[in-house]
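Enquirer: Can you keep this structure in mind? I'll have questions shortly.
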Amino acid sequence: MNKTIWIIANWKSNKNISEALEWISQVGPHISKDDNLKVVVCPTFTDLSEVKKTITVGNFPIMVGSQNLSPFGTGAYTGEESAPILNQLINLAILGHSERRQNFGETDEMVAKKVEQALVNNITPLVCVQSAETPVPQGCKLIAYEPVFAIGTGNPDTSENANQVAESLKEKNGSGLEVLYGGSVTADNVSAFVSQPNISGVLIGKASLDAEGFVKICQQVSEKI
Ligand code: 13P
94 MNKTIWIIAN WKSNKNISEA LEWISQVGPH ISKDDNLKVV VCPTFTDLSE
144 VKKTITVGNF PIMVGSQNLS PFGTGAYTGE ESAPILNQLI NLAILGHSER
194 RQNFGETDEM VAKKVEQALV NNITPLVCVQ SAETPVPQGC KLIAYEPVFA
244 IGTGNPDTSE NANQVAESLK EKNGSGLEVL YGGSVTADNV SAFVSQPNIS
294 GVLIGKASLD AEGFVKICQQ VSEKI
């Protein structure tokens with residue numbers, strides 16, 4: 094296929110530190126070192142430091158990401174996790190996930206500010222869009238199309254429709270955009286999504302939690318690249 098594929102695990106609010114480290118020790122040795130495969134794990138903030146350390150010590154080809162970050166820099170912002178501090182631990186940040194938009198009132202304006210913070214602090218912003226109509230903030234080159242009906246429901250979008258939405262997003266926002274698909278991705282359907290010409294990988298919730306299942310997904314993708 095000869096394209097770079099992203100496989101990104103979004104653990105959401107799951108796994109304490111011991112569970113997180115167990116997953117890393119089970120998954121890490123099975124990820125193939127391949128320049129065309131970019132595997133990222135996005136744990137909770139409290140797991141980040143230990144997860145990063147364990148991946149570094151094991152020399153595993155896994156990057157670390159966060160599930161959010163502050164729209165502000167360092168300073169008097171109680172309870173926020175700011176990009177200039179996080180960048181010692183993470184390469185990427187998931188921003189504007191629909192669960193944040195729904196449950197925490199996150200707006201397109203806030204997402205744009207978070208993208209700005211990520212970019213000036215050398216963190217790759219991965220913005221989640223719910224359709225081709227969701228605005229993509231300036232400077233953002235990596236996005237995930239995650240239709241709400243498909244998230245955590247076991248009812249994924251079709252790979253053909255996801256490909257079409259990805260194509261529209263590229264037409265609107267520039268062909269340099271990499272578009273991932275997220276929503277009920279499993280080892281059984283991942284190959285169909287990553288085989289689509291406009292889809293550059295997957296963002297996985299539930300199916301990323303089980304180490305064995307996640308390794309299976311990575312192996313399916315490795316066979317395609
Ligand atoms: P599920 O894979 O559990 O449907 O979640 C998708 C998602 O929201 C990833 O960000």
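Following this note's numbering from start to finish, the sequence shown increments by one per residue and tops out at 318.
By construction, the Cβ of each residue, glycine as well, lies at the ideal position given by its N, Cα and C atoms.
(1) Alpha carbon to alpha carbon, how far is arginine 194 from threonine 167? Give it in angstroms, no decimals.
(2) Please work out which residues of its chain come closer than 7 Å, Cβ to Cβ, to glutamine 223, disregarding the five sequence neighbours upstream and downstream, and give them in chain order.
(3) Check whether the segment 151-158 and the segment 124-137 touch, using three or more Cβ-Cβ pairs below 8 Å as the test.
(4) Once the 5 residues before and after glutamate 271 are set aside, which same chain residues still bring their CB inside 6 Å of it?
(5) Taking only the alpha-carbon atoms, compute the straight-line gap between isoleucine 101 and threonine 217 and give it to the nearest angstrom.
(6) Assign tyrosine 274 to buried or exposed, taking buried as 16 or more other Cβ atoms, counted over all protein chains shown, within 10 Å of its Cβ.
(7) Using CA coordinates, which residue listed in Lys317, Ala304, Gln231 is at the minimum distance from isoleucine 117?
(8) At which residues does the beta strand (DSSP E) containing threonine 139 begin and terminate?
(9) Report all residues from its chain with a CB closer than 7 Å to the CB of asparagine 266; omit the five preceding and five following residues, and keep chain order.
(10) Taking the straight line between their C-alpha atoms, what separation do you get for threonine 170 and glutamate 143?
(11) Out of Gln313, Glu174, Ala211, Leu302, which one is the CA nearest neighbour of glutamine 119?
(12) How many Å lie between threonine 200 and valine 208 at the Cα?
(13) Are the Cβ atoms of threonine 246 and serine 277 separated by less than 7 Å?
(14) Glutamate 271 lies in the alpha helix (DSSP H); which residues open and close that run?
(15) Please report the Cβ distance between valine 295 and lysine 317, rounded to the nearest whole angstrom; I am assuming they are in contact, meaning their Cβ atoms lie under 8 Å.
(16) Would DSSP call cysteine 311 helix, strand or coil?
(17) Cα separation between valine 258 and valine 204?
(18) Reducing DSSP to helix, strand and coil, say where leucine 302 ends up.
(19) Return yes when at least one heavy atom of ligand 1 lies under 6 Å from the C-beta of lysine 317, else no.
(20) Can you find the residues in the same chain that come closer than 8 Å, C-beta to C-beta, to asparagine 215, ignoring five residues on each side of it along the sequence?
(21) Excluding five sequence neighbours on each side, which residues of the same chain lie with their C-beta closer than 7 Å to the C-beta of valine 283?
(22) According to the neighbour-count rule (16 or more other Cβ atoms, all chains shown, within 10 Å of its Cβ), is lysine 126 buried or exposed?
(23) How is the beta strand (DSSP E) around valine 241 delimited, first residue to last?
Expert: Looking at the atomic coordinates:
(1) 23 Å
(2) Ser191, Glu239, Pro240, Val241
(3) yes
(4) Leu235, Ser293
(5) 13 Å
(6) buried
(7) Ala304
(8) Not the beta strand (DSSP E): threonine 139 falls in the alpha helix (DSSP H), residues 138-151.
(9) Val229
(10) This sequence places tyrosine at residue 170; threonine is not what is there. Cα to Cα, the separation comes out at about 24 Å.
(11) Leu302
(12) 12 Å
(13) yes
(14) Careful: glutamate 271 lies outside any alpha helix (DSSP H), inside the beta strand (DSSP E) at 271-275.
(15) Not really, about 11 Å apart at Cβ, beyond 8 Å.
(16) helix
(17) 20 Å
(18) coil
(19) no
(20) Asn180
(21) Val295, Ile310, Gln313, Val314
(22) exposed
(23) No beta strand (DSSP E) holds valine 241; DSSP gives it neither H nor E.
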